[in-house]
Amino acid sequence: MTYVITTPLYYVNDKPHLGSVYTTLICDTIAKYKRLRGEKVIFITGVDEHGLKIQRTANEKGLTPEKHCDEIANIFYSNWTNWNISFDKFIRTSSNHHLSIVHEFYKKVKDSNDIYMGVQKGWYCVGCEEFKDNPDNSPTYQCPIHKKQLEWKNEENLFFKLSKYQKEVEELINDPNFIEPKERRNEIKNFVSKGLKDFSISRTNLKWGISVPDKKGHTFYVWFDALLGYISALSLNESNPSLDASINQGWPASLHLIGKDILRFHAVYWPAMLISAGIKTPKKVLGHGFLTRDGMKMGKSIGNVLDPSILLSKYGEDRVRWFLLKDINLGSDGDFQDKRFVDIVNNDLANTIGNLLNRTTSMSRKWFNNSIPIEIDTKDSIFLELSQKTIESYNNNFENYYISQACNEILNFATKINLYLNDEKPWVLIKDNKYNNKVKQIIYNVLESNRLIALLLMPILPELSNRILDQLGHIKIDQDRWKEYLIWGLLNPGSSLPKPLPVIEKLEYE
Ligand code: MSP
1 MTYVITTPLY
11 YVNDKPHLGS
21 VYTTLICDTI
31 AKYKRLRGEK
41 VIFITGVDEH
51 GLKIQRTANE
61 KGLTPEKHCD
71 EIANIFYSNW
81 TNWNISFDKF
91 IRTSSNHHLS
101 IVHEFYKKVK
111 DSNDIYMGVQ
121 KGWYCVGCEE
131 FKDNPDNSPT
141 YQCPIHKKQL
151 EWKNEENLFF
161 KLSKYQKEVE
171 ELINDPNFIE
181 PKERRNEIKN
191 FVSKGLKDFS
201 ISRTNLKWGI
211 SVPDKKGHTF
221 YVWFDALLGY
231 ISALSLNESN
241 PSLDASINQG
251 WPASLHLIGK
261 DILRFHAVYW
271 PAMLISAGIK
281 TPKKVLGHGF
291 LTRDGMKMGK
301 SIGNVLDPSI
311 LLSKYGEDRV
321 RWFLLKDINL
331 GSDGDFQDKR
341 FVDIVNNDLA
351 NTIGNLLNRT
361 TSMSRKWFNN
371 SIPIEIDTKD
381 SIFLELSQKT
391 IESYNNNFEN
401 YYISQACNEI
411 LNFATKINLY
421 LNDEKPWVLI
431 KDNKYNNKVK
441 QIIYNVLESN
451 RLIALLLMPI
461 LPELSNRILD
471 QLGHIKIDQD
481 RWKEYLIWGL
491 LNPGSSLPKP
501 LPVIEKLEYE
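Residue 21 in the numbering used here sits at position 21 of the sequence shown, with consecutive numbering throughout.
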């Protein structure tokens, strides 16, 4: 079975910000983990290029929408390459490939008798590309997310009969596995319990969109088109794109990872659209929290974003990945503060993990002929048990998408090993010959723990993981056999250790 995981398809109104990097890094970590576990993975990302928001942005820049989208889509693509994101498909919703899938899908929904013409009136947020049910009472009618004025719309649109799928959607969202975390599921249940209303799926007076085949002057509502990107991405390599060709590649998606602001689209509208077209619904929708700056959602429209490229060049991939994955509970909001960032990465990565390795390889080289000690027991029962428990909890956490807890399993393990080393004090014992064997065993235990730490870090911080394995004697890993390496005692006694180098430097807080 193929594991299909998706990021949202990002709007190309601007280049990626840390919020988009956050979602993509989580997906990347999950994809890498699943691949290491031996699963076949298709990791989909891409860009959402149509709609009023993009059309206006292009106009403001004096560019055609096509030119503007090419520019930003390329920036997204190269950005993910710079972050070493292991995506398999990058879908652009302005492609012809995608267009033909949207047309085919529309026909199916129409054949189910789920499309009709109506009048759409209401307050619209261009930032969200969404009608707002309850604008605030201020005279300006602001969007609570974008803090921008809503716009009044009154036009003839095609509608999708969402209300027809009330029962099916209720059944789906009652399945506790479908929406996570629980609080988000409750929000959606509450929304659905009020009764689903049909929604408009076409726009007039909007050129920058996919044309509706049988309605002149209408283009598809950007969300109706964009959600289908998850399906069209699957057949990107096929010369004849079709819904069937896509579905055969591995639909339904195993996981849509998205921000909490776009949960309704994914957990209500999208499943109903799919049911209408006779296509299976995704297996899970996970709504993560927002990255905030001083408590405000970080966003392109608000303008309080952190430039991920600057963070990447200043701090490197490992540190940013660790902070975002470990310090923020998937599902909760997380505030990015420079001081906290520096403290976390220094404590966890430089001190607890890096320093442990560095001091132990130095001792081993000094006392045991530049090598890992020999004549040791590779089956020390305390460590067998401790490492096994750590690996088990780590895997359980990953399977449940508790990424921060999986990171903490590694960190707790490293902390215990630090305590062990400090309690045993091999630097004192080595002074007395009779403790020679004991010292060998201690050093081996710590080095072997470092090997396991490196392996457990592999899907989370691949670069740091490789540097640790290098320091342990240029250990090469056959990624297909990752699972098999995750047992205590596989570090080779007697193999030589290279000159110790810090695997990660400490940062100074500016
Ligand atoms: N184009 C739509 C998605 C269509 S999916 C078929 C969209 N794009 S977006 O660029 O505005 O947002 C993409 C994702 O980024 C959303 O999941 C959103 O929640 C997430 N984030 C935007 N700002 C964010 C933060 N400050 N923090 C975390 N995630 C954030 O919506």
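Just so you know, even glycine gets a beta-carbon here, dropped at the ideal spot from N, CA and C.
When the beta-carbon positions are compared, residue 360 and residue 414 stay at least 7 Å from each other. Residue side-chain check: residue 8 places its Cβ nearer than 6 Å to a non-hydrogen atom of ligand 1. Along the length of the stretch 252 to 291, whole beta strand (DSSP E) runs at least 3 residues long occupy 255 to 259 and 285 to 288, reported in chain order. Looking at 267, 115 and 131, the one whose alpha-carbon comes closest to that of residue 164 is 115. For residue 272, the Cβ stays outside the 6 Å cut-off from all heavy atoms of ligand 1. Nearest C-alpha to residue 83 among 461, 70 and 468: 461. Taking C-beta atoms as the reference points, residue 3 and residue 254 count as a pair closer than 7 Å. About 21 Å separates the beta carbons of residue 459 and residue 474, which is beyond the 8 Å limit, so they are not a contact pair. Going by beta carbons, residue 101 and residue 232 fall inside the 7 Å limit. A residue is called buried when at least 16 other Cβ atoms come within 10 angstroms of its Cβ; residue 80 meets this threshold and is buried. Scanning the stretch 318 to 353 for uninterrupted alpha helix (DSSP H) segments of 4 residues or longer gives 338 to 344, listed from N- to C-terminal end.
Inter-residue distance for residue 148 and residue 260 is about 19 Å (C-alpha atoms, whole angstroms). Assigned with DSSP and collapsed to three states, residue 431 falls in coil, not helix or strand. The shortest CA-to-CA distance from residue 412 to any of 336, 453, 95 and 400 is the one to 453. Annotation for residue 363: the continuous alpha helix (DSSP H) segment containing it runs 356 to 367. By the Cβ test, the stretch 218 to 229 is not in contact with the stretch 290 to 307, since fewer than three Cβ pairs between them sit closer than 8 Å. Exclusion of residue 325 from the 6 Å shell around ligand 1 follows from its C-beta lying no nearer than that to any non-hydrogen atom of the ligand. For residue 21, the enclosing alpha helix (DSSP H) covers residues 18 to 36. DSSP, reduced to helix, strand and coil, places residue 85 outside both helices and strands of the structure shown, so it counts as coil.
Beta-bridge partners of residue 48 (DSSP): 11. In the pairwise beta carbon analysis, the stretch 332 to 351 is classified as touching the stretch 274 to 291: at least three pairs are separated by under 8 Å.
The distance from the Cβ of residue 346 to that of residue 500 is about 19 Å, inconsistent with a contact at the 8 Å cut-off. Annotation for residue 229: the continuous alpha helix (DSSP H) segment containing it runs 229 to 232. Fewer than three pairs of CB atoms, one per stretch, sit closer than 8 Å, so the stretch 50 to 64 makes no contact with the stretch 27 to 39.
In the DSSP secondary-structure assignment, residue 152 is bridged to 123.
Per DSSP, the unbroken alpha helix (DSSP H) holding residue 383 starts and ends at 381 to 399. Taking 6 Å as the cut-off, one finds at least one heavy atom of ligand 1 near enough to the beta carbon of residue 298. Within the same chain, and ignoring the five residues on either side of residue 386 in sequence, the residues whose Cβ sits closer than 8 Å to its Cβ are 413 and 416.
Bridge partners of residue 2 according to DSSP: 40. Secondary structure of residue 413 (DSSP, three-state): helix. If you check the CB distance, residue 146 and residue 118 do not come in under 7 Å.
The bridge partners DSSP lists for residue 219 are 203 and 211.
Counting the other CB atoms within 10 Å of its CB gives residue 502 a total below 16, which places it among the exposed residues. Nearest to residue 490 by alpha-carbon distance, out of 112, 402, 376 and 230, is 376.
In this structure, residue 141 and residue 131 do not form a Cβ contact; the two beta carbons are roughly 12 Å apart against a cut-off of 8 Å. For ligand 1, no non-hydrogen atom lies closer than 6 Å to the CB of residue 118.
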